[in-house]
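Participant: Below you'll find the structure I mean.
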Amino acid sequence: MTVGLESDKVGSFRIVEKIGEGGMAVIYKAVQPSLKRTVVIKKLKDPNREIIERFKKEAFVSASFSQENVLAIYDFIYS
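Its first residue numbered -18, the sequence shown is counted upward by one per residue in the numbering used here.
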């Protein structure tokens, strides 16, 4: 399977497939084996300082919502 990542794993998550792409990021469907749940991973295309800060703000705002039609944010990492 080729999904555009260096490997088929990101941390403890196993990449299943690419499901979308926008101007800022590529979106992947993944599995977290330890908790047996399906998740979505958003990988930034050009992680410069401005984009990282924008992503962090987006994550904090999104994490503050608790509604049926809004995805839950579990974590964000960058290196």
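In this text, a Cβ means the ideal position worked out from N, Cα and C, and glycines have one as well.
Under the rule that 16 or more other beta-carbon atoms within 10 Å means buried, what is F41, buried or exposed?
Facilitator: Position 60 of the sequence shown holds residue 41. Counting Cβ neighbours within 10 Å, F41 comes out exposed, since fewer than 16 surround it.
Participant: Classify Y59: buried if its beta carbon has 16 or more other beta carbons within 10 angstroms, exposed otherwise.
Facilitator: Your numbering for residue 59 matches position 78 in the sequence shown. So Y59 counts as exposed.
Participant: Would you mind reading off the limits of the alpha helix (DSSP H) that contains K(-1)?
Facilitator: Here residue -1 refers to the residue found at position 18 when the sequence shown is read from its first residue. Careful: K(-1) lies outside any alpha helix (DSSP H), inside the beta strand (DSSP E) at -6 to 2.
Participant: Are the CB atoms of K23 and A6 nearer to each other than 9 Å?
Facilitator: Position 42 of the sequence shown holds residue 23. Position 25 of the sequence shown holds residue 6. In this structure, A6 lies closer than 9 Å to K23 by Cβ.
Participant: Quick check: the Cα distance between E(-2) and P14, rounded to an integer number of angstroms?
Facilitator: Taking the first residue of the sequence shown as 1, we reach residue -2 at position 17. Taking the first residue of the sequence shown as 1, we reach residue 14 at position 33. Approximately 15 Å, taken between the alpha carbons.
Participant: Starting from V38, trace the alpha helix (DSSP H) in both directions and tell me its first and last residue.
Facilitator: In the sequence shown, residue 38 corresponds to position 57, counting from 1. The sequence shown places Lys at residue 38, not Val. It spans 30 to 44 - the alpha helix (DSSP H) in which K38 sits, taken as one unbroken run.
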